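**Q**
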Amino acid sequence: KIKQWALRYGILECIQEVVDISCALVSSNNLGSPKNYRECIEILIKNGYIPEDLGKRLINMIGLRNLLVHEYMKIDLSRLYEFLNNVGDFREFIYYIELNKELED
């Protein structure tokens, strides 16, 4: 049970960091007024901060985040283990955010 909880919490934290960074970028660069987390990602795509294919994967992550937060006990563990194959998306997100920061400096 502890390993399952750790997996859920670790995934949730990683996704939440992407969301927080995305929304902070949108806000600090006056890129718009998103109504939800998905719109934060969509605005980053629209403004060229991240490529569209990565953005779509991040939006799917937000869906998983919502399941973890709101339907914690109903999520299929196999889906979480499958998600571990996508951890490279976090690295890719960081790469593009750092790249844009360097271009702005």
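For the sequence shown, position 1 matches number 1 in UniProt numbering, and the numbering has no gaps at all.
Where is the CB? At the ideal position from N, CA and C, for every residue including glycine.
Bear in mind the structure is a predicted one, so any value in this text is a computation, not a measurement.
(1) Tell me whether residue 65 is buried or exposed, calling it buried when 16 or more other Cβ atoms sit within 10 Å of its Cβ.
(2) So, are the CB atoms of residue 59 and residue 96 less than 7 Å apart?
(3) Less than 7 Å between C-beta atoms, sequence neighbours within five positions excluded: which residues of the same chain meet that for residue 22?
(4) Excluding the five sequence neighbours on either side, which residues of its own chain have a C-beta within less than 8 Å of the C-beta of residue 69, listed in chain order?
(5) Go through its chain and collect everything with a Cβ distance to residue 62's Cβ below 6 Å, but skip five positions before and after it.
(6) If you run the structure through DSSP and keep just helix, strand and coil, what is residue 76?
**A** Let's see:
(1) Here residue 65 refers to the residue found at position 65 of the sequence shown. So residue 65 counts as buried.
(2) Here residue 59 corresponds to residue number 59 of the sequence shown, with the count starting at 1. Here residue 96 corresponds to residue number 96 of the sequence shown, with the count starting at 1. In this structure, residue 96 does not lie closer than 7 Å to residue 59 by Cβ.
(3) Position 22 of the sequence shown, counted from the first residue, corresponds to residue 22. Once the five neighbours on either side are set aside, the close Cβ partners of residue 22 are 40, 41 and 44.
(4) Looking up residue 69 in the sequence shown gives position 69. Cβ within range, chain order: 12.
(5) In the sequence shown, counting from the first residue as 1, residue 62 sits at position 62. Excluding sequence neighbours, residue 62 sits near 37 and 38.
(6) For the purposes of this step, residue 76 is taken as residue 76 along the sequence shown, with counting starting at 1. Looking at residue 76 - three-state DSSP - the assignment turns out to be coil, as it is neither helix nor strand.
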